[in-house]
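Going letter by letter, the sequence shown gives residues 23 to 695 in the numbering used here. For each residue, glycine too, the CB sits at the ideal point set by N, CA and C.
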Amino acid sequence: MKFINFTVIRISLAFAAGVGFAYAVSPSLFVLLKSLGLCFSLLLITWAWERKKLRPGIFFGIKTYLLFFLLGACNYQLARPHSISNHYSHYVTEKTSEELVLKITTVLKPNRYESRYFAEVVQLNSQNTQGKVLLSLARDSVNPLFQIDDLLFIYAKVTPISPTLNPHQFDYKQYLAHQGVHRQLRIAQDEILKHVQGKRTLRGYSESIRNHIVSKLERSPIQPSQRAIIQALVLGQRKDIAPELRQAYASAGALHILAVSGLHVGILYLLFSFLLKPLEYFSFGKQLQAALILICLWSYAIFTGLSPSVVRAVTMFSFFAFGGLLNRPTNSINTLFLSFFFLLIVRPNWLFHVGFQLSYLAVFFILWIQPKLYLLYKPKYYLDKVLWSITTVTIAAQLGIAPLSIYYFHQFPGLFFLTNLVVLPFLTFLLGFGLVVVILGAFNMLPDGIALAYDRIILALNQFIAWVSGQDIFLLEDISFSILQTMGSYLWIVSIVIFWQRPKANTLLTALSCGMMFLGSIVFENKKNTREELILFHRSRTSVIGYQYGRNLTLYTSDSLDISDQYPIKDYRIGNRIRNSGSHSLPHLFTFHSNTILRLDSLGVYPFIEDPVVILSYSPKVHLDRLIDSLKPRLIIADGSNYRSYVMRWKETCKKRKLPFHYTGEKGAYIFN
C-alpha cells in the first residue's frame with residue numbers, strides 16, 4: 023500500500039468539523055474572521071520560531087488544524103443567505119405580493135396535487151438578487167410544465183417554509199435549507215405574468231438531451247416499469263419509478279442501484295480505465311489515458327443532467343484520474359480526502375446531504391478494509407475470485423454505511439448480501455448495455471430486438487428484487503437509532519478495525535472502551551425515553567391524542583382503524599422507542615398532572631369547569647367569547663381537524679382577549695407538562 027498522508031486526512035476532517043460547528047452554533051461571521059486572523063498570525067509566529075527545527079512542535083500542528091477548522095466555519099457562514107448582500111431574503115416582506123423574475127434550475131418530482139421546481143430569484147421588485155426558492159404550481163391539464171432555464175415573471179407572495187409539526191418528523195425545512203432553498207412560492211396560473219425561455223446553461227442543455235432521450239425511449243417497446251429503471255440506472259432520472267417498486271428496492275437493500283452516484287461512476291471509471299489501458303504503452307500514455315477518463319466522466323455527468331449526486335461522484339473519481347494525469351503516485355485514501363476537502367470548499371452544505379455522507383463513508387471503508395478482508399481467503403478460480411471480491415466489497419461498504427443508514431431510514435435489509443451477490447456481478451453489464459440502448463434510442467437506431475432483450479433483463483431484475491423484498495422476516499424495520507448511538511457505533515467499528523490491523527494491548531483496550539461507550543449510549547437513550555407524556559398531534563382532518571408511559575403508547579382517536587403505523591404516529595413511536603401501542607376513543611374530559619383538559623367536538627357542548635385547557639376539534643360551532651367568559655380557560659388549542667377559517671377567527675378572538683392560543687397547524691403538536 024502506498025503511503026497514507028495523515029495530514030491531508032486531519033486537515034479535511036478539521037475543515038469538515040468547522041462546517042459542522044458553524045451549522046450547529048451559528049457563530050458571528052465577524053468573530054470567526056477575527057479568530058481566523060489571530061490564528062493565522064500565531065501560526066506565522068510559530069512557523070518563524072520553529073522553522074529551523076527538524077520537526078515542528080505540537081503547537082504548530084494544533085494551530086494548523088485550528089486554522090482549517092476556522093476556515094471551514096467561515097466558509098459555511100459565507101455561504102449562508104445573511105452573508106450574501108444581494109440575497110433575495112433581505113428584500114422580502116412576506117406580507118404582500120412581490121414582483122419576481124424566476125429562473126427554473128431544477129425540475130422536481132411532482133406530488134399528487136402540485137408540480138414543483140427549484141428556481142433562482144433573478145429579480146425581486148426590480149432589484150437584482152440571487153438565492154433559490156421552492157416553486158409549487160397546482161397540477162391540471164391547462165398548466166404548462168416548465169423546463170430548466172425557463173424564465174417566469176410572477177406577482178405572488180413569498181412565504182416561509184413550514185417547520186416540522188410533530189416530534190421526530192422528517193424536517194423538510196431543514197432538508198431544503200441544505201439545498202440552499204429558504205423560502206417558497208405557491209402560485210396559481212393567473213399569478214404568472216409572463217413565461218419565456220431564458221438563456222441556455224450547460225445544465226439546461228444536458229436536461230434537454232436527457233428529456234429527448236426519455237421521449238425516444240417512450241416510443242420503444244420497453245414497458246413503463248422497466249423503462250423507469252433504465253432511466254434511473256443510466257440517466258439518473260428516478261421520478262417515473264412507482265412508489266411500490268422503489269420501496270421493493272429499498273427493502274432488498276438495492277436502492278443504491280437506482281441512484282446514479284459513486285457506484286455507477288466507479289464502474290464507469292474502471293470500465294474506461296480498462297478500455298483505455300493500451301494507451302499506457304505509449305509515451306505520455308498514462309497522462310493521455312487520465313485526460314480521456316476525465317473527459318468521459320464529465321461527459322457522462324452532463325449526459326445525466328448534472329445532478330448533485332452525479333457531480334459529487336464524478337468529482338471524487340476525477341481526483342483519482344487527476345493523480346494519473348500528474349503521474350504522481352499517491353494513496354487512494356489521500357485522493358479520497360482531497361476530493362472531500364475540495365467539494366466542501368465549493369459546497370459546504372453538501373456535508374449535510376445524506377447521499378454525500380453515505381458515498382464517502384462507503385468508499386472510505388472499501389479502500390480501508392476491503393484489501394485486508396480479501397486476504398482472509400485465497401480463491402483459486404476466476405468465478406471464486408469474483409464472488410469473493412464482491413462479498414468483501416459488500417461487507418466493507420455495509421460496515422461503513424449501516425449505522426448511518428439505520429439512523430436515517432430506521433431499517434436494515436438482512437438480505438443485502440444476497441442482493442449484491444446477484445446484482446453487482448451484472449451491474450457493469452447492465453450499465454454498459456443500458457448506455458448502448460440509450461444512445462441507439464436517442465438516434466432512432468434502436469432495434470426492437472435489442473430493446474426487448476434489455477426489457478426482459480430489467481424485468482428479471484425487478485422480479486428478483488420483488489422476491490427478495492417479499493422475505494419480510496429478513497427486513498428489520500422501525501429501528502430507533504439516535505445520533506449518539508450512531509457516533510458510538512462508528513467509534514466502536516473503527517476501534518475494532520484498528521485492533522484487527524494492529525493487534526496490541528493498547529488497541530484492544532481502546533476497542534473495549536469504545537464498545538462500553540456504545541453500550542452506554544444504548545442504556546442512556548433507553549433511559550431518556552422512559553417518560554410520561556401527553557401529546558396532541560397535528561394531523562389533517564383528524565384529532566389524535568397520545569399518552570406515553572414508559573415504552574407504552576395509548577392513542578385516543580375518533581378513527582376506528584389502527585393508525586400506529588401511519589403519519590405522524592409511526593415516527594413518534596420509532597423515535598421514542600415505543601414497544602406497545604393501543605387505541606381508545608377520544609374522551610371529552612380528562613386530567614394530566616395538574617391540567618384539566620376539556621375537548622369540544624363538532625357538537626360544541628361543554629360542561630362548566632373552571633380554568634381548563636380547552637381543545638377545539640372538528641370545527642365546533644361555539645361562541646368563543648361566551649366560552650371564555652364562562653370557563654376562563656388558561657389556554658385554547660386548535661388541532662388539525664378544524665376548518666382553517668374557524669381557526670383564524672378563534673385566533674383573532676384569543677388575541678383580543680389576551681388569551682394564549684395554540685394552533686397545531688402553525689406551532690406544531692402540543693405537549694402537556
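- When the Cα atoms are used, V445 and F431 turn out to be separated by approximately 22 angstroms.
- Secondary structure within the stretch 578-606: the beta strand (DSSP E) runs of 3 or more consecutive residues, fully enclosed, are 602-606 (chain order).
- The criterion of a C-beta distance shorter than 8 angstroms is not satisfied by A254 and I244.
- S273 carries a helical assignment under DSSP once its states are collapsed to helix, strand and coil.
- In the structure shown, K673 adopts helical secondary structure according to DSSP, grouped into three states.
- Counted as a single uninterrupted DSSP element, the beta strand (DSSP E) harbouring A178 occupies residues 172-178.
- The residue among F306, E632, G463 with its C-alpha nearest the C-alpha of P655 is E632.
- Beyond the five residues adjoining it in sequence on each side, L65 comes within less than 8 angstroms, by CB distance, of F82, K85, T86, L89 in the same chain, given in chain order.
- DSSP places T414 inside the alpha helix (DSSP H), whose first and last residues are 404-431.
- A488: member of the alpha helix (DSSP H) spanning 470-491, first to last residue.
- The beta carbons of N188 and H606 sit no closer together than 8 angstroms.
- S504 and R205 have their C-alpha atoms some 29 angstroms from each other.
- As computed with DSSP, Y640 is found in no beta bridge at all.
- Remark: C-beta atoms of K195 and I183 approach each other more closely than 8 angstroms.
- Taking every protein chain shown into account, the CB of H645 has fewer than 16 other CB atoms within 10 angstroms, so this residue is exposed.
- In this structure, the beta-carbon distance from G463 to K238 falls below 8 angstroms.
- Judged by DSSP in its simplified three-state form, T686 adopts helix.
- For T357, the uninterrupted alpha helix (DSSP H) run begins and ends at 354-368, by DSSP.
- Under the three-state reduction of DSSP, P330 is assigned to helix.
- DSSP links T576 through a beta bridge to Y569, G604.
- The Cβ-Cβ distance between S230 and I324 does not fall below 8 angstroms.
- Sequence-distant partners of L215 (beyond 5 residues in either direction) whose C-beta falls short of 7 angstroms from its own C-beta, in its chain, are F175, I176, Y177.
- In this structure M338 is buried. Its beta-carbon is surrounded by 16 or more other beta-carbon atoms within 10 angstroms.
- Linking H234 to L54 through their CA atoms gives a straight-line distance of about 48 angstroms.
- Per DSSP, I501 lies in no alpha helix (DSSP H) and is assigned neither H nor E.
- Nearest C-alpha to Q201 among P103, Q191, D172: P103.
- The distance from the Cβ of A312 to that of A343 is about 5 angstroms, consistent with a contact at the 8 angstroms cut-off.
- Within the model, the alpha-carbon separation for L257 versus L297 is close to 22 angstroms.
- Assigned with DSSP and collapsed to three states, Q149 falls in strand.
- Non-local beta-carbon contacts of G220 in its own chain, meaning distances under 7 angstroms to residues more than five positions away in sequence, involve K125, D171, D172, L173 in chain order.
- Sequence-distant partners of G307 (beyond 5 residues in either direction) whose C-beta falls short of 7 angstroms from its own C-beta, in its chain, are L301.
- The beta carbons of L443 and L409 sit closer together than 8 angstroms.
- Contact between the stretch 502-521 and the stretch 532-545 is present, with at least three C-beta pairs closer than 8 angstroms.
- For K221, the secondary structure class from DSSP, reduced to helix, strand or coil, is coil.
- Taking 8 angstroms as the cut-off, the beta carbon of A141 is found no closer than this to the beta carbon of I487.
- Taking all protein chains shown into account, Y628 has 16 or more neighbouring C-beta atoms within 10 Å of its C-beta and is therefore buried.
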